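*Asks:* Following this message is one structure expressed as structure tokens.
Number of protein chains: 2
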Amino acid sequence: MKSDGRHIDPPGRPTFGSLFREPYQTYLTWLYERLKREGFPDIRVTHSTVLRRISIDGARVTDLAERAGMTKQSMAYIVDDLIELGYVTIAPDPSDGRAKLVVPTKKGERLLVAARDLGDMYEQHVAKLLGAGQAKKLRSLLEQLNVKLTATPPP
Amino acid sequence: MKSDGRHIDPPGRPTFGSLFREPYQTYLTWLYERLKREGFPDIRVTHSTVLRRISIDGARVTDLAERAGMTKQSMAYIVDDLIELGYVTIAPDPSDGRAKLVVPTKKGERLLVAARDLGDMYEQHVAKLLGAGQAKKLRSLLEQLNVKLTATPPP
DNA sequence: CCATATTAGACAGAGAGACTGACGATGAAA
DNA sequence: TTTCATCGTCAGTCTCTCTGTCTAATATGG
Chain A
589 MKSDGRHIDP PGRPTFGSLF REPYQTYLTW LYERLKREGF PDIRVTHSTV
639 LRRISIDGAR VTDLAERAGM TKQSMAYIVD DLIELGYVTI APDPSDGRAK
689 LVVPTKKGER LLVAARDLGD MYEQHVAKLL GAGQAKKLRS LLEQLNVKLT
739 ATPPP
Chain B
589 MKSDGRHIDP PGRPTFGSLF REPYQTYLTW LYERLKREGF PDIRVTHSTV
639 LRRISIDGAR VTDLAERAGM TKQSMAYIVD DLIELGYVTI APDPSDGRAK
689 LVVPTKKGER LLVAARDLGD MYEQHVAKLL GAGQAKKLRS LLEQLNVKLT
739 ATPPP
């Protein structure tokens, strides 16, 4: 944990990568620790690829996989896990006999609400650290950046 | 209980988590794609846990592991890989007969320089997208945030 | 209406990358 | 010297993602 001050990254000027990595890592670690405490001890980081994209209307495994940028086999693996843990169920898709819909259970909905509330709580903590105005500025800059990076990716 | 929205994340207001995740993901993907093109096709994301923390003076596996927050076995596995790929070598630690130092080779140093240059290039791209002043502001906010989050983690 | 191509998902196997536990060798301290 | 801590390794396991192959169901052109 202690830094010896002889790294490639000069201590005074963190690389742009670490600038983004560190808060994300911190957030991730905090969130899953809190979810554990809030009564969801069996939720792992991988599950978020499903949880981030699920809706109460249900979603197909193939769609979830495509949105997450992974294979449908991998997505099916994660969905299976969430089924076993009781956070989602599968229902037949009335509009396509081949497809199944992944739908959150009541327990799954409680999880989604908890995760969202924790996200808000984290943002409030950041506002307390930076000041409300600066936190708002940070959000705004990151939102702009994400939009513009999508539109104009680096060469 | 909100039930009218189809998506858990309202489209207009990304969660705080996604705000950090997206630029980091974009950056990672871009960086390793570029490294591939720059002549380092065998470098994978995992290797960064070593590369981020290595110095030209060398570092012990145990230290690398502790700084990366992982086990020394896992770190040794990654170091072995980098040895085989020719990016680092191990040298005996003159101050401790049990220990070995992980030192970058010439090839490893070229990689570190390339990675750092690409990081700068990415930052310049961000400056072009947001404007130089806003990009500087973003860097400043993220630096402050990282320092303050370390000092005062969320509850 | 049928033949063919496409699509949704399942099954099997492989490999990366992380973990735990146990261990020998070396060093530090009583 | 004896005892305990530390450095790195060996062996085994688990999670997660990938390819490749397969079936059942759907969509489409003739």
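For the protein sequence lines, the chains are A and B, in the order given. Under the numbering used here, read the first sequence as residues 589 to 743, first letter to last. Under the numbering used here, read the second sequence as residues 589 to 743, first letter to last. Backbone N, C-alpha and C fix where the C-beta goes; we use that ideal spot for every residue, glycine too. Remember, predicted model here, so these are calculated numbers, not experimental data.
#1: Across which residues does DSSP place residue 677 (chain B) in a beta bridge pair?
#2: Taking C-alpha atoms, which residue in B:734, B:630, B:654 and B:608 lies nearest to residue 675 (chain B)?
#3: Roughly how far, in whole angstroms, is the beta-carbon of residue 607 (chain A) from the beta-carbon of residue 607 (chain B), given that I think they are within contact range, below 8 angstroms?
#4: With a threshold of 8 angstroms on Cβ separation, who are the neighbours of residue 620 (chain B) within its own chain once the five nearest residues in sequence on each side are excluded?
#5: I need the DSSP call for residue 648 (chain A), collapsed to helix, strand or coil.
#6: Using beta-carbon positions only, say whether residue 604 (chain B) and residue 702 (chain B) come within less than 8 angstroms of one another.
#7: For the candidate residues A:691, A:672 and A:673, whose alpha-carbon lies nearest to that of residue 679 (chain A)?
#8: Run down chain B in chain order and give the residues with a C-beta less than 7 angstroms from the C-beta of residue 610 (chain A).
#9: According to the Cβ coordinates, are residue 648 (chain B) and residue 688 (chain B) closer than 8 angstroms?
#10: Quick check on residue 628 (chain A): does DSSP put it in helix, strand or coil?
#11: Would you report the Cα separation of residue 602 (chain A) and residue 694 (chain A), rounded to the nearest angstrom?
#12: Which residues, in chain order, does the segment 708-722 of chain B contribute to contact with chain A at a C-beta distance below 8 angstroms?
#13: Evaluate contact between the segment 637-644 of chain B and the segment 654-673 of chain B, counting only Cβ atoms and requiring at least three cross-stretch pairs below 8 angstroms.
#14: Tell me whether residue 590 (chain A) sits in a helix, a strand or coil according to DSSP, three-state version.
#15: At which residues does the alpha helix (DSSP H) containing residue 686 (chain B) begin and terminate?
*Replies:* In short:
#1: B:691
#2: If we check each option's Cα against that of residue 675 (chain B), B:630 comes out closest.
#3: Rounded, the Cβ-Cβ distance is 13 angstroms, inconsistent with contact.
#4: 631, 632 and 633
#5: strand
#6: no
#7: A:691
#8: 734
#9: yes
#10: If DSSP states are grouped into helix, strand and coil, residue 628 (chain A) belongs with coil.
#11: 43 angstroms
#12: 708, 709, 710, 711, 713, 714, 717, 718 and 722
#13: yes
#14: Note that residue 590 (chain A) has pLDDT 30, beneath the 50 cutoff, so the model's placement of it is unreliable and the number below is only indicative. In the structure shown, residue 590 (chain A) sits in coil (DSSP, three-state: anything other than H, G, I, E or B).
#15: It is not in any alpha helix (DSSP H) - residue 686 (chain B) carries neither H nor E in the DSSP assignment.
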